[in-house]
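Here the protein sequences line up with chains A and B, keeping their order.
Under UniProt numbering, the first sequence has 313 at position 313, and the numbering climbs by one with no breaks.
Under UniProt numbering, the second sequence has 31 at position 31, and the numbering climbs by one with no breaks.
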Amino acid sequence: MCVAAQKYVNTVTYAPKYTSSRRKVAYLKELYRRKLEVGPDEVKHPSAFGCWNHASEVYAFGKRLGEEFDEQKLAQAFIQKSFVESEKEKQKNLGLLLDVNVEDNTKLAHEGRILASDFVKAYLRYSYPHLFEEGICAIHDFLMSHSTLFHVASNLGVRDLIQSPTYPPSEEDYITTLMAVIGALTHSDLSAANNDHDVTNTKKGLSRAELFVLDFLVPQLIGRDVMEMWELANPMGLLVGLLRARGLGQPEPRMLWDAAKNTIMPVYNVGIYVDKKLIGKSPGETAAIAEEMAARDTLRNLLGMSNSRSPLQLGDQARHLQLDYRLRNASVQEVTSV
Amino acid sequence: MGSSTIPSTFLKNIAQNGIGRHVCQLQRLTLSLCKSHPSSAAARKFVEDDLLDFTKGNPGIVFYVKPRRHRAPVLTAEFLNGYKEMIDLTRCTKEEIAQWIGLMRGRSGVQIMRIRKDWHTDTPSIQGMWNPFMFKDTKLNVTDKMDKSLSEYISKYKSASQKLIEMKKLQKQQKELEQPLKESTRVIQEKKKAASH
Chain A
1 MCVAAQKYVN
11 TVTYAPKYTS
21 SRRKVAYLKE
31 LYRRKLEVGP
41 DEVKHPSAFG
51 CWNHASEVYA
61 FGKRLGEEFD
71 EQKLAQAFIQ
81 KSFVESEKEK
91 QKNLGLLLDV
101 NVEDNTKLAH
111 EGRILASDFV
121 KAYLRYSYPH
131 LFEEGICAIH
141 DFLMSHSTLF
151 HVASNLGVRD
161 LIQSPTYPPS
171 EEDYITTLMA
181 VIGALTHSDL
191 SAANNDHDVT
201 NTKKGLSRAE
211 LFVLDFLVPQ
221 LIGRDVMEMW
231 ELANPMGLLV
241 GLLRARGLGQ
251 PEPRMLWDAA
261 KNTIMPVYNV
271 GIYVDKKLIG
281 KSPGETAAIA
291 EEMAARDTLR
301 NLLGMSNSRS
311 PLQLGDQARH
321 LQLDYRLRNA
331 SVQEVTSV
Chain B
1 MGSSTIPSTF
11 LKNIAQNGIG
21 RHVCQLQRLT
31 LSLCKSHPSS
41 AAARKFVEDD
51 LLDFTKGNPG
61 IVFYVKPRRH
71 RAPVLTAEFL
81 NGYKEMIDLT
91 RCTKEEIAQW
101 IGLMRGRSGV
111 QIMRIRKDWH
121 TDTPSIQGMW
131 NPFMFKDTKL
141 NVTDKMDKSL
151 SEYISKYKSA
161 SQKLIEMKKL
171 QKQQKELEQP
181 LKESTRVIQE
191 KKKAASH
């Protein structure tokens, strides 16, 4: 800032600069105090600094993700409903009665959400064929949860691209935009745009959208215990039902080991035997906890969800998966009522 | 300053980048330079010679050139996670500017910190941590402490009878292995015969 200019502007709001070096510390202290009083700077959109080209940013967004987007649809994916409303309000206040037909991303987001949800379920059923439908739904709910979607969206660089009345945009805006981007991808086959009746090309857009979900959303399962997402109230009851349905005997919990009894850190190791075979075991602080955990471990082993199972098929391994969308895994009710 | 006071972190991969496909985390570059000042000479040279090639090769990075009168050239890099870094380009040659840009392009957008280890995993052991019970046979639960088998001397060498038993076992195994092989060769021969007829 030009010091001379400060003098003339307003000597009340600006701290007058020190005239002697002895006053420097006091001057800086005063500046610091005033800064604390004012509070942190308002977060501003890059366009406020005069460096912003929305069209280029939208173009680069698609290129960065390695997708061929329909430019119009992609641009639409960033327009929030609240933004359109606030713009209309602004025009009304200015006395402009323009009928601007700008479409927001609500419809695209709705389509994207349905596609993502369907794909995630089909993929999970394909990856965990023996898991109960309830478990599949629990993992699906985790992937489609607010926190997971927000985490993915906030790391895709959509913050500055989102057109919303507030900056930074709300978490809901991030999620809607992510879903709308997926929705835009389903409509983004340039050859299909020329010929609406070509079914194969529309399918191509769909499969790109599915790969997008696979590459950006599903990897959030890495490093997480998927069985913990499914809340099981009575694992032993379920185990009994499952064993009966498979024609096996009753589970027989047995104490394998225990140590440090009557201390503050005892440990019990319970194993579950079925037809005299050990099929699961787990430690616990009390015998009851250990038994419950052993039942969970046994369920893991029986449902093909053990910790040592091979990892999920992702990336290049999963480019040509044959997913069947009509397939459903067996539910707890179906299995245990047999 | 000791290492414990310097903030440290583990290796991070932003949003599992590269598991599905790799996304360049550099989002935006802003090069602010002066049109006339000699300190921006190299930056101007970069814009003239290399900028178009760079933008053609990197369509996913938006490049802004910002004229700032009589200011030192500054490069601002913005990443997908919102992190922003500024680099002072005074006294940098054209090649050095290109190197800075290359460095920013390869970064993940995580602030540089001391890394505690060169590797990191969220699940250090899939089998689970070792515990005293892990490889213990439950047979020990019902074996008396004074049982002879626990204190028996285990010889380093095999006895003659042990060796004989092992040889017999080996012979048996080999026979079992040869059995299906012979069968299959017979089947092949029969097929050949049938084909020749």
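For each residue, glycine too, the CB sits at the ideal point set by N, CA and C.
### B/R69 classed as buried or exposed, judged by whether at least 16 other C-beta atoms fall within 10 angstroms
Answer is exposed; the Cβ neighbour count stays below 16.
### Message
If contacts are defined as beta-carbon pairs under 8 Å, then A/N329 and A/F132 qualify, I think. What distance do you get, rounded to the angstrom?
### Response
About 6 Å; that satisfies the 8 Å criterion.
### Message
Please classify B/M167 as buried or exposed, where buried requires at least 16 neighbouring CB atoms within 10 angstroms.
### Response
exposed
### Task
To the nearest angstrom, report how far apart B/Q16 and A/E228 are at their CA atoms.
21 Å
### Query
Does DSSP put B/I115 in a helix, in a strand, or in coil?
strand
### Query
What are the start and end residues of the alpha helix (DSSP H) that includes residue 200 of chain B?
Residue 200 of chain B is absent from the structure shown; chain B starts at 1 and stops at 197.
### Message
Quick check on A/R159 - is its C-beta less than 9 Å from some C-beta in chain B?
### Response
yes
### Task
Below 8 Å on the Cβ atoms is my guess for B/F10 versus B/K117; work out the distance and round it to an integer in Å.
7 Å
#### Entry: Cross-chain neighbours of A/S164 in chain B, by beta carbon under 7 Å
Chain B residues near A/S164: none, gap ~16 Å exceeds 7 Å.
### Task
Could you tell me whether any Cβ in chain B is nearer than 9 Å to the Cβ of A/H151?
yes
### Task
Out of A/K88, A/V267, A/R113, A/K276, point me to the one whose CA is closest to A/A184's CA.
A/R113
#### Entry: Close-in-space but distant-in-sequence residues of the same chain around A/Y8 (CB under 7 Å, 5 per side omitted)
The predicted position of A/Y8 is uncertain, since its pLDDT is 48 and thus under 50; a value taken from the coordinates is nonetheless stated next. Nothing meets the Cβ criterion.
### Message
For B/C34, would you say it is in contact with chain A, using Cβ-to-Cβ distances shorter than 9 Å as the test?
### Response
no
### Task
Using a cut-off of 9 Å between C-beta atoms, extract the partners of A/Q220 located in chain B.
A15, Q16
### Query
Excluding sequence positions up to five away, which residues of its chain have a Cβ less than 8 Å from the Cβ of B/K84?
T76, A77, E78
### Task
Give the C-beta separation of A/G304 and A/Y128 to the nearest angstrom, bearing in mind that I take them to be a contact with Cβ-Cβ under 8 Å.
7 Å
### Task
For the beta strand (DSSP E) holding A/I272, just list the boundary residues, first then last.
Here the beta strand (DSSP E) through A/I272 covers 267-274.
### Task
Output the distance between the C-alpha atoms of B/Q99 and B/I19, rounded to the nearest integer angstrom.
27 Å
### Query
Does the Cβ-Cβ distance between A/A259 and A/P251 come in under 9 Å?
no
### Message
Suppose contacts are defined by Cβ-Cβ distances below 9 Å. Is B/N131 in contact with A/N155 by that definition?
### Response
Not a contact, by the Cβ cut-off of 9 Å.
### Message
Any contact between the region 102-120 of chain A and the region 72-88 of chain A? By contact I mean 3 or more CB pairs, one from each, below 8 Å.
### Response
yes
### Task
Along the alpha helix (DSSP H) that carries A/M293, what are the first and last residues, could you check?
287-302
### Message
Please list, in chain order, the chain B residues whose beta carbon lies closer than 9 Å to that of A/G223.
### Response
Q16, T121, D122, T123
### Cα-Cα separation, A/L51 to A/C137
At residue 51 of chain A the sequence reads Cys, which differs from the Leu that was named. Roughly 45 Å between the two C-alpha positions.
### Amino acids of chain B, ordered along the chain, whose beta-carbon sits closer than 7 Å to that of A/A60
P59, G60, I61, V62
### Task
Run through the UniProt domain "Ribosomal protein/NADH dehydrogenase" (35-108) of chain B for me and flag every whole alpha helix (DSSP H) of 4 or more residues, listed as ranges in chain order.
41-49, 51-57, 94-105
#### Entry: Uninterrupted alpha helix (DSSP H) stretches inside the region 40-106 of chain A (no shorter than 4 residues)
54-64, 71-77, 81-94
### Query
Roughly how many angstroms lie between the CA atoms of A/S56 and A/T176, to the nearest whole one?
Distance between the alpha carbons of A/S56 and A/T176 is about 22 Å.
### Task
Return the CA-CA distance between A/K261 and A/L217, expressed in angstroms with no decimal places.
46 Å
#### Entry: C-beta atoms of B/G60 and A/R64 nearer than 9 Å
Yes; because the gap between Cβ atoms is below 9 Å, this pair is in contact.
### Query
What is the DSSP secondary structure of A/P235, reduced to helix, strand or coil?
helix
### Query
So which residues of chain C does A/S308 contact, with C-beta pairs closer than 8 Å?
In the structure shown, chain C does not exist; the protein chains are A and B.
### Query
Of all the options A/Y167, A/R309, A/V213, A/H187, which has the alpha carbon lying nearest to the alpha carbon of A/S117?
A/V213
### Query
Can A/L323 and A/A75 be called in contact, C-beta distance under 9 Å?
no
### Query
Just reading off the alpha helix (DSSP H) that A/V280 is part of, what are its end residues?
The identity of residue 280 of chain A in the sequence shown is Gly, whereas the question assumes Val. It is not in any alpha helix (DSSP H) - A/G280 instead sits in the beta strand (DSSP E) that spans 277-284.
### Task
Give the residues of chain A in contact with B/T138, contact being defined as C-beta atoms less than 7 Å apart.
L256
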